[in-house]
Every structure is written in C-alpha cells, then in structure tokens.
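Asker:
Residue numbers (the working numbering): 14 to 209.
1) Give the straight-line distance between the Cα atoms of residue 187 and residue 38, rounded to the nearest whole angstrom.
2) From residue 72 to residue 119, what distance separates their C-alpha atoms?
3) Quick one: what does DSSP say residue 116 is sitting in, helix, strand or coil?
4) Go through its chain and collect everything with a Cβ distance to residue 208's Cβ below 8 Å, but skip five positions before and after it.
5) Residue 25: which of 178, 138, 51 and 99 sits nearest, CA to CA?
6) So is residue 116 buried or exposed if we call it buried at 16+ other beta carbons inside 10 Å?
7) Looking only at its chain, what residues have a beta carbon closer than 7 Å to the beta carbon of residue 30, apart from the 5 residues adjacent to it on each side?
8) State the DSSP-derived secondary structure class of residue 168, mapped to helix, strand or coil.
9) Am I right that residue 200 and residue 181 are in contact with their C-beta atoms under 8 Å? What's the rounded C-beta distance?
10) Return helix, strand or coil for residue 138, following the three-state DSSP convention.
11) If you draw a straight line from the alpha carbon of residue 160 to that of residue 206, how long is it in whole angstroms?
12) What residue from 79, 76, 138 and 167 has the CA that sits closest to residue 108's CA?
13) Which of the three DSSP states, helix, strand or coil, is assigned to residue 18?
14) Measure the beta-carbon distance from residue 6 to residue 145 and round it to whole angstroms, keeping in mind my assumption that it falls under 8 Å.
15) Compute the Euclidean distance between the alpha carbons of residue 165 and residue 80, then round it to the nearest angstrom.
16) Please state if the CB of residue 104 and the CB of residue 83 are separated by a distance shorter than 9 Å.
17) Find out if the Cβ-Cβ distance for the pair residue 162, residue 203 is shorter than 9 Å.
18) Between which two residues does the alpha helix (DSSP H) containing residue 76 stretch?
19) Please report how far the alpha carbon of residue 32 lies from the alpha carbon of residue 85, in whole angstroms.
Here it is in structure tokens:
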C-alpha cells in the first residue's frame with residue numbers, strides 16, 4: 014500500500030476527532046500502520062479543529078504544508094483554510110453546508126460564497142468532491158452524524174484499503190448504542206455519495 018497523509022478539518026463539535034480515531038482503529042484492525050493526531054485552534058465548540066492521519070510507513074504525527082494526499086473538510090471555509098496542507102495532487106472531499114463563525118453570526122464578518130471557495134480549491138487541487146453532507150446526516154435522522162457521512166465519503170474514495178464493511182465494524186464497536194443505527198446509515202450515505 015502506498016503511504017497516505019490525510020487531513021480532516023472541521024469546526025469544533027462536528028466530530029472530526031472521532032472520525033480520525035475510528036479511521037486509525039480501522040487501519041490497525043487491517044494491520045495497516047497509522048498515526049492519528051489532532052490540533053485544536055480553540056478548545057471549545059466553534060473553534061478550528063484539524064486532525065492528521067498518517068497511514069503507512071510514516072513516522073510523523075502531523076501532515077506538514079503541501080503534504081496532504083487527501084483533505085476531508087467538514088465545513089467549506091475550513092477546507093479553504095487548509096489549502097496550505099495540500100498540493101496539486103491532493104484530493105478533497107468537502108461538505109458544502111456552511112457553519113458560519115461567531116463573527117459572521119453577530120454581523121462582524123461576512124462568510125465567503127461557498128461556490129467561490131470551491132472554485133479556489135478546484136484551481137489548486139487534483140480533484141474536489143463536494144456535496145451537502147448535512148443533508149445526508151439529516152436523512153440518517155441524526156444531524157450530529159456529519160462526521161460519519163464524511164468518513165464514509167473518505168472510504169468511498171478508495172485511497173486506502175479499508176472497506177465499508179470494516180469501517181462499519183469499527184463504528185459498531187466504538188459509537189454509542191443510541192446513535193448506532195443513524196451512524197451506520199450516515200456512513201453508508203457518505204460512501205454512496207462518492208460511489209454514486
């Protein structure tokens with residue numbers, strides 16, 4: 014397997030830390046070395062949260078600038094902010110539903126048009142797959158399951174040898190029972206969003 018450097022970015026509370034940990038556990042289950050690390054811009058809901066998952070024979074816990082093979086953006090503006098981690102060969106999966114920062118919510122800032130953000134990403138990256146992940150989470154009857162949608166979408170890219178079935182097994186073992194059905198459905202919907 015070729016080494017892969019994956020960056021997941023989100024707003025605090027969107028669940029990317031759990032997604033990264035589940036992905037790391039799926040790799041371990043399959044005997045694939047993986048290092049998972051996280052960086053919190055603010056230690057609260059609404060702050061920037063970045064996780065790195067280095068898969069394969071990589072000894073670093075972080076993904077440096079221009080090194081990401083895959084960017085998974087739970088929020089479009091966070092995807093734009095993470096472009097420095099990417100290069101011309103990076104593939105991005107982007108949730109298109111914005112979660113505006115506090116400054117925008119109180120009228121002290123302007124959220125850039127999502128289409129403009131996607132255009133900038135498409136100009137710099139190899140491939141950008143963009144869809145409304147929140148719509149799929151809502152379809153799974155759990156708006157908190159965006160992280161499972163985005164994890165399923167990443168698995169659907171086939172960038173690493175982790176099947177949807179393996180990911181479902183890990184999710185089944187590691188998530189709360191009251192959310193299990195909606196998490197599994199959200200994972201499946203995210204996967205299907207990529208596979209078509």
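Every residue gets a Cβ at the ideal spot worked out from N, C-alpha and C, and that includes glycine.
Answerer: Let's see:
1) For the purposes of this step, residue 187 is taken as residue 174 along the chain shown, with counting starting at 1. For the purposes of this step, residue 38 is taken as residue 25 along the chain shown, with counting starting at 1. Distance between the alpha carbons of residue 187 and residue 38 is about 9 Å.
2) Within the chain shown, the letter at position 59 stands for residue 72. Within the chain shown, the letter at position 106 stands for residue 119. Roughly 43 Å between the two C-alpha positions.
3) Within the chain shown, residue 116 is the residue found at index 103, counting from 1. Looking at residue 116 - three-state DSSP - the assignment turns out to be helix.
4) As a first step, residue 208 is located in the chain shown; it is residue number 195 there, counting from the start. Taken in chain order, the residues that qualify are 169.
5) Looking up residue 25 in the chain shown gives position 12. Answer by Cα proximity: 51.
6) In the chain shown, residue 116 corresponds to position 103, counting from 1. So residue 116 counts as exposed.
7) Counting from one through the chain shown, the residue named residue 30 turns up at place 17. Hits under 7 Å: 51, 62 and 64.
8) Against the chain shown, residue 168 aligns to sequence position 155. If DSSP states are grouped into helix, strand and coil, residue 168 belongs with the helices.
9) Within the chain shown, the letter at position 187 stands for residue 200. Within the chain shown, the letter at position 168 stands for residue 181. Contact flag correct, Cβ pair sits at about 6 Å.
10) The residue labelled residue 138 in the question sits at position 125 within the chain shown. Coil, per DSSP.
11) Start at 1 with the first residue of the chain shown, and residue 160 comes out as number 147. Start at 1 with the first residue of the chain shown, and residue 206 comes out as number 193. Whole-angstrom Cα-Cα distance: 14 Å.
12) In the chain shown, the residue the question calls residue 108 occupies position 95. When each option's Cα is compared against that of residue 108, the closest is 167.
13) Translated into positions along the chain shown, residue 18 becomes position 5. Strand at residue 18.
14) The structure shown does not extend to residue 6, since the chain spans only 14 to 209, so no value can be given for it.
15) As a first step, residue 165 is located in the chain shown; it is residue number 152 there, counting from the start. As a first step, residue 80 is located in the chain shown; it is residue number 67 there, counting from the start. Distance between the alpha carbons of residue 165 and residue 80: 22 Å.
16) To locate residue 83, count along the chain shown from 1; it is residue 70. To locate residue 104, count along the chain shown from 1; it is residue 91. The answer is yes: Cβ separation under 9 Å.
17) The sequence position of residue 162 within the chain shown is 149, counting from 1. The sequence position of residue 203 within the chain shown is 190, counting from 1. Yes.
18) Stepping through the chain shown from its first residue, residue 76 is reached at position 63. Here residue 76 belongs to no alpha helix (DSSP H), and DSSP marks it neither H nor E.
19) Walking along the chain shown from the start, residue 32 turns up at place 19. Walking along the chain shown from the start, residue 85 turns up at place 72. Distance between the alpha carbons of residue 32 and residue 85: 10 Å.
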